[in-house]
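With mature numbering (1 follows the signal peptide of the UniProt record, and there is no 0) as the guide, the letters of the sequence shown map in order to residues -28 to -1, 1 to 238. Ideal Cβ placement from N, Cα and C applies to all residues, glycine included. Notes follow once the structure below has been shown.
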Amino acid sequence: MHLSVNLKKASLVGAFFVSLLCVDLAQAFCPHRADLAQVAVRQVVDGDTVRLTDGRSIRLIGINAPELGRKGRSDEPFAVQAKRRLQALVDASDGRVGLLYGEQRKDRYGRTLAHLYDRQGRNLEAQLLGEGLGFMVAVAPNSVLVSCQAQAERQARRQRLGVWRTEQVKTAGQLKSGGFALLSGRVAGVQRNRGGLWIDLDGGRVLRVAPELLGEFDVRALQRLEGQRVEARGWVIDRQSRGGWKSGQARWMLPLTHSAMLEVLP
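Now the structure itself:
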(Lines of atoms letter the chains of each structure in order from A and count residues from 1; the text may use other names and numbers.)
(Lines give C-alpha, C1' and ligand atoms only; values in the text may rest on other atoms or scores of the structure.)
Protein backbone atom coordinates (compact mmCIF):
# COMPACT_ATOMS: atom_id res chain seq x y z
CA MET A 1 0.00 0.00 0.00
CA HIS A 2 2.90 2.35 -0.26
CA LEU A 3 5.58 3.20 -2.76
CA SER A 4 9.10 2.07 -2.12
CA VAL A 5 12.43 3.46 -3.19
CA ASN A 6 15.62 1.55 -3.80
CA LEU A 7 18.53 3.21 -2.10
CA LYS A 8 22.15 2.25 -2.65
CA LYS A 9 23.90 1.24 0.52
CA ALA A 10 26.84 3.42 1.28
CA SER A 11 29.74 2.54 3.51
CA LEU A 12 30.95 5.72 5.20
CA VAL A 13 33.20 6.24 8.17
CA GLY A 14 31.62 8.03 11.11
CA ALA A 15 28.08 8.92 12.08
CA PHE A 16 28.61 12.49 10.86
CA PHE A 17 29.03 11.38 7.27
CA VAL A 18 26.11 8.98 7.51
CA SER A 19 23.98 11.87 8.74
CA LEU A 20 25.03 14.03 5.79
CA LEU A 21 24.12 11.24 3.39
CA CYS A 22 20.68 10.93 4.95
CA VAL A 23 20.11 14.67 4.60
CA ASP A 24 20.98 14.58 0.89
CA LEU A 25 18.75 11.58 0.23
CA ALA A 26 15.83 13.07 2.14
CA GLN A 27 15.99 16.21 0.05
CA ALA A 28 16.10 14.15 -3.15
CA PHE A 29 12.66 12.67 -2.42
CA CYS A 30 10.42 15.77 -2.56
CA PRO A 31 10.53 18.21 -5.50
CA HIS A 32 12.15 21.58 -4.87
CA ARG A 33 9.92 24.68 -4.90
CA ALA A 34 12.09 27.77 -5.10
CA ASP A 35 9.24 29.74 -6.69
CA LEU A 36 7.27 30.28 -3.48
CA ALA A 37 7.01 33.71 -1.89
CA GLN A 38 8.99 33.89 1.36
CA VAL A 39 7.42 34.81 4.69
CA ALA A 40 9.13 35.63 7.98
CA VAL A 41 9.06 33.23 10.93
CA ARG A 42 8.75 34.77 14.39
CA GLN A 43 8.92 31.58 16.46
CA VAL A 44 9.43 27.86 16.11
CA VAL A 45 6.84 26.44 18.50
CA ASP A 46 7.80 22.77 18.25
CA GLY A 47 8.92 20.24 15.68
CA ASP A 48 5.86 20.67 13.46
CA THR A 49 4.54 24.18 14.16
CA VAL A 50 5.87 27.68 13.54
CA ARG A 51 4.43 31.13 14.16
CA LEU A 52 4.88 33.86 11.54
CA THR A 53 5.51 37.54 12.13
CA ASP A 54 2.03 38.24 10.72
CA GLY A 55 0.56 36.25 13.64
CA ARG A 56 -0.43 33.09 11.80
CA SER A 57 0.39 29.68 13.26
CA ILE A 58 1.52 27.21 10.59
CA ARG A 59 1.07 23.48 11.13
CA LEU A 60 3.45 21.57 8.85
CA ILE A 61 1.65 19.11 6.58
CA GLY A 62 2.83 15.52 6.51
CA ILE A 63 4.71 15.21 9.79
CA ASN A 64 3.78 14.57 13.40
CA ALA A 65 6.74 15.48 15.60
CA PRO A 66 7.14 14.15 19.16
CA GLU A 67 5.29 16.27 21.70
CA LEU A 68 6.99 18.70 24.04
CA GLY A 69 6.01 18.30 27.68
CA ARG A 70 3.16 20.52 28.82
CA LYS A 71 1.01 20.71 31.95
CA GLY A 72 3.48 18.68 33.99
CA ARG A 73 4.10 16.05 31.33
CA SER A 74 7.59 15.06 30.22
CA ASP A 75 8.88 15.71 26.73
CA GLU A 76 8.46 12.76 24.39
CA PRO A 77 11.75 11.33 23.09
CA PHE A 78 13.31 13.56 20.41
CA ALA A 79 10.74 16.33 20.87
CA VAL A 80 13.40 18.86 21.86
CA GLN A 81 15.72 17.70 19.07
CA ALA A 82 12.92 18.08 16.51
CA LYS A 83 12.21 21.64 17.62
CA ARG A 84 15.90 22.56 17.62
CA ARG A 85 16.42 21.04 14.17
CA LEU A 86 13.46 22.92 12.70
CA GLN A 87 14.80 26.11 14.31
CA ALA A 88 18.20 25.46 12.72
CA LEU A 89 16.63 24.90 9.31
CA VAL A 90 14.65 28.14 9.59
CA ASP A 91 17.75 30.04 10.77
CA ALA A 92 19.75 28.65 7.84
CA SER A 93 17.05 30.07 5.58
CA ASP A 94 17.56 33.55 7.12
CA GLY A 95 14.37 33.20 9.13
CA ARG A 96 12.17 33.08 6.03
CA VAL A 97 10.28 30.15 4.48
CA GLY A 98 8.08 29.47 1.50
CA LEU A 99 4.55 28.17 2.07
CA LEU A 100 2.69 25.66 -0.08
CA TYR A 101 -0.82 25.64 1.32
CA GLY A 102 -2.91 22.53 1.69
CA GLU A 103 -6.14 22.02 -0.18
CA GLN A 104 -7.67 22.23 3.28
CA ARG A 105 -6.20 25.47 4.64
CA LYS A 106 -7.11 25.29 8.33
CA ASP A 107 -7.19 22.64 11.03
CA ARG A 108 -9.69 22.45 13.89
CA TYR A 109 -7.43 24.62 16.04
CA GLY A 110 -7.42 27.45 13.50
CA ARG A 111 -3.83 26.86 12.40
CA THR A 112 -2.89 27.29 8.75
CA LEU A 113 -1.91 24.01 7.09
CA ALA A 114 1.07 24.27 4.76
CA HIS A 115 4.28 22.68 3.55
CA LEU A 116 7.43 24.64 4.45
CA TYR A 117 10.38 25.23 2.12
CA ASP A 118 13.69 26.94 2.73
CA ARG A 119 15.18 29.62 0.46
CA GLN A 120 16.73 26.93 -1.75
CA GLY A 121 13.29 25.38 -2.25
CA ARG A 122 13.89 22.30 -0.10
CA ASN A 123 10.98 20.74 1.77
CA LEU A 124 11.51 20.99 5.53
CA GLU A 125 9.13 18.17 6.47
CA ALA A 126 11.12 15.72 4.31
CA GLN A 127 14.29 16.96 5.99
CA LEU A 128 12.93 16.25 9.47
CA LEU A 129 11.40 12.91 8.47
CA GLY A 130 14.64 11.82 6.83
CA GLU A 131 16.48 12.45 10.10
CA GLY A 132 13.96 10.49 12.18
CA LEU A 133 12.56 13.56 13.93
CA GLY A 134 8.90 12.83 13.32
CA PHE A 135 6.36 10.44 11.85
CA MET A 136 4.85 10.70 8.39
CA VAL A 137 1.13 11.41 8.53
CA ALA A 138 -1.38 11.89 5.73
CA VAL A 139 -4.76 13.53 6.21
CA ALA A 140 -6.96 13.86 3.13
CA PRO A 141 -7.21 16.05 1.14
CA ASN A 142 -3.73 17.41 2.04
CA SER A 143 -1.70 14.59 0.53
CA VAL A 144 0.16 16.01 -2.47
CA LEU A 145 3.59 15.13 -0.98
CA VAL A 146 2.63 11.92 0.80
CA SER A 147 4.74 9.61 -1.39
CA CYS A 148 8.03 11.51 -1.11
CA GLN A 149 7.57 12.19 2.59
CA ALA A 150 6.86 8.51 3.22
CA GLN A 151 10.08 7.67 1.38
CA ALA A 152 12.02 10.08 3.58
CA GLU A 153 10.61 8.43 6.70
CA ARG A 154 11.40 4.93 5.45
CA GLN A 155 15.01 5.96 4.97
CA ALA A 156 15.26 7.06 8.62
CA ARG A 157 13.48 3.92 9.75
CA ARG A 158 15.92 1.66 7.91
CA GLN A 159 18.85 3.58 9.37
CA ARG A 160 17.25 3.58 12.86
CA LEU A 161 17.65 7.32 13.18
CA GLY A 162 15.95 9.50 15.80
CA VAL A 163 12.62 8.12 16.97
CA TRP A 164 13.34 4.86 15.14
CA ARG A 165 16.17 3.96 17.51
CA THR A 166 13.51 2.22 19.60
CA GLU A 167 10.51 0.13 18.60
CA GLN A 168 7.57 2.40 17.83
CA VAL A 169 4.93 -0.08 16.71
CA LYS A 170 2.50 -1.44 19.29
CA THR A 171 0.51 -4.64 18.95
CA ALA A 172 -3.23 -4.31 19.25
CA GLY A 173 -3.14 -5.76 22.76
CA GLN A 174 -0.55 -3.22 23.93
CA LEU A 175 -2.71 -0.22 23.00
CA LYS A 176 -4.20 1.17 26.19
CA SER A 177 -4.31 4.95 25.70
CA GLY A 178 -5.34 7.58 23.21
CA GLY A 179 -3.11 9.82 21.12
CA PHE A 180 -0.87 9.21 18.13
CA ALA A 181 0.27 5.63 17.68
CA LEU A 182 1.61 3.06 15.24
CA LEU A 183 -0.37 -0.12 15.59
CA SER A 184 0.08 -3.62 14.15
CA GLY A 185 -2.23 -6.58 14.25
CA ARG A 186 -3.95 -9.30 12.28
CA VAL A 187 -7.28 -8.46 10.69
CA ALA A 188 -10.07 -10.45 12.33
CA GLY A 189 -12.85 -9.08 10.15
CA VAL A 190 -14.00 -6.24 7.90
CA GLN A 191 -17.47 -4.79 7.68
CA ARG A 192 -19.09 -1.80 6.00
CA ASN A 193 -22.16 0.07 7.18
CA ARG A 194 -23.54 3.61 7.38
CA GLY A 195 -20.71 4.50 9.76
CA GLY A 196 -18.06 3.69 7.16
CA LEU A 197 -15.72 0.73 6.85
CA TRP A 198 -14.52 -1.04 10.00
CA ILE A 199 -11.40 -3.22 10.21
CA ASP A 200 -11.36 -5.32 13.39
CA LEU A 201 -7.92 -6.36 14.67
CA ASP A 202 -7.01 -9.15 17.03
CA GLY A 203 -6.73 -7.81 20.56
CA GLY A 204 -10.05 -5.99 20.39
CA ARG A 205 -8.98 -2.87 18.46
CA VAL A 206 -10.64 -1.40 15.39
CA LEU A 207 -9.62 0.78 12.44
CA ARG A 208 -12.25 2.98 10.82
CA VAL A 209 -12.56 4.68 7.45
CA ALA A 210 -15.25 7.36 7.64
CA PRO A 211 -17.87 7.37 4.85
CA GLU A 212 -16.61 10.66 3.40
CA LEU A 213 -13.07 9.21 3.09
CA LEU A 214 -13.89 5.93 1.35
CA GLY A 215 -12.95 7.50 -1.98
CA GLU A 216 -9.35 7.79 -0.75
CA PHE A 217 -9.09 4.00 -0.38
CA ASP A 218 -9.31 0.85 -2.49
CA VAL A 219 -12.39 -0.44 -0.69
CA ARG A 220 -12.35 -3.82 -2.40
CA ALA A 221 -8.77 -4.38 -1.28
CA LEU A 222 -9.69 -3.43 2.28
CA GLN A 223 -12.57 -5.90 2.27
CA ARG A 224 -10.11 -8.71 1.42
CA LEU A 225 -7.82 -8.01 4.38
CA GLU A 226 -9.20 -10.64 6.77
CA GLY A 227 -6.38 -12.83 8.06
CA GLN A 228 -3.62 -10.47 6.95
CA ARG A 229 -1.24 -8.51 9.18
CA VAL A 230 -1.35 -4.75 8.88
CA GLU A 231 0.36 -1.72 10.34
CA ALA A 232 -1.73 1.41 10.85
CA ARG A 233 -0.97 4.85 12.20
CA GLY A 234 -3.06 7.73 13.43
CA TRP A 235 -4.68 9.29 16.46
CA VAL A 236 -6.33 6.67 18.66
CA ILE A 237 -9.71 7.47 20.21
CA ASP A 238 -11.05 6.05 23.48
CA ARG A 239 -14.67 5.44 22.50
CA GLN A 240 -15.65 4.82 26.11
CA SER A 241 -14.62 8.31 27.19
CA ARG A 242 -16.58 9.89 24.31
CA GLY A 243 -19.81 8.07 25.07
CA GLY A 244 -21.78 5.86 22.74
CA TRP A 245 -19.51 2.87 23.33
CA LYS A 246 -21.49 -0.35 23.55
CA SER A 247 -20.62 -3.66 25.15
CA GLY A 248 -19.01 -5.98 22.63
CA GLN A 249 -17.50 -3.14 20.63
CA ALA A 250 -13.79 -2.33 20.51
CA ARG A 251 -13.02 0.43 22.99
CA TRP A 252 -9.95 1.77 21.16
CA MET A 253 -10.50 3.03 17.62
CA LEU A 254 -7.94 4.38 15.16
CA PRO A 255 -9.49 6.45 12.34
CA LEU A 256 -7.66 6.10 9.03
CA THR A 257 -7.33 9.50 7.34
CA HIS A 258 -5.58 8.39 4.12
CA SER A 259 -4.55 5.14 2.47
CA ALA A 260 -0.90 5.90 3.29
CA MET A 261 -1.77 5.46 6.97
CA LEU A 262 -2.30 1.71 6.44
CA GLU A 263 0.24 -0.85 5.25
CA VAL A 264 -0.25 -4.55 4.59
CA LEU A 265 2.69 -6.45 6.10
CA PRO A 266 4.39 -9.48 4.51
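Under the rule that 16 or more other beta-carbon atoms within 10 Å means buried, what is Tyr81, buried or exposed?
exposed
From the DSSP output, in three-state form, read off Ser156 for me.
strand
Mapping the DSSP letters down to three states, classify Gly93 as helix, strand or coil.
coil
Drop a sphere of 10 angstroms on the beta-carbon of Pro38, count the other beta-carbons inside from all chains shown, and report buried for 16 or more, exposed for fewer.
buried
Local Cβ density within 10 Å of Ser46, reported as buried at 16 or more and exposed below that
exposed
Where residue 241 falls, given that 16 or more other Cβ within 10 Å makes a residue buried:
Any property of residue 241 remains undetermined from this structure, which presents the chain solely from -28 to 238.
Leaving out five residues before and five after Val(-24) in sequence, what residues of the same chain have Cβ atoms less than 6 Å from its Cβ?
The predicted model places Val(-24) with a pLDDT of 31, which falls under 50 and marks its position as unreliable, so this point remains unresolved.
Using 8 Å as the threshold, is the segment 124 to 133 in touch with the segment 164 to 171, meaning 3 or more CB pairs across them?
no
Please name the residue in Thr229, Ile209, Ser213 and Ile171 whose C-alpha comes closest to that of Ala193.
Ile171
What residues in its chain sit with their C-beta under 7 Å from that of Asn36, if we drop five residues either side in the sequence?
Asp20, Gly106, Phe107, Val109 and Phe152
Taking the alpha carbon of residue 250 as the point to measure from, which residue in Pro238, Leu197, Leu117 and Arg126 has its own alpha carbon closest?
There is no way to answer for residue 250, as the model of the chain reaches only from -28 to 238.
Considering only the alpha carbon of each residue, which of Leu101, Gly102, Val69 and Lys148 lies closest to Ala86?
Val69
Based on Cα-Cα distance, which residue from Gly175, Ser156 and Thr84 lies nearest to Asp26?
Thr84
Is the beta carbon of Leu197 sitting closer than 8 Å to the one on Val141?
no
Is it true that the CB of Glu188 sits closer than 8 Å to the CB of Glu235?
no
Quick one: is Thr138 buried, meaning 16 or more other Cβ sit within 10 Å of its Cβ, or exposed?
exposed
Between the C-alpha atoms of Gln221 and Leu147, what's the straight-line distance to the nearest angstrom?
15 Å
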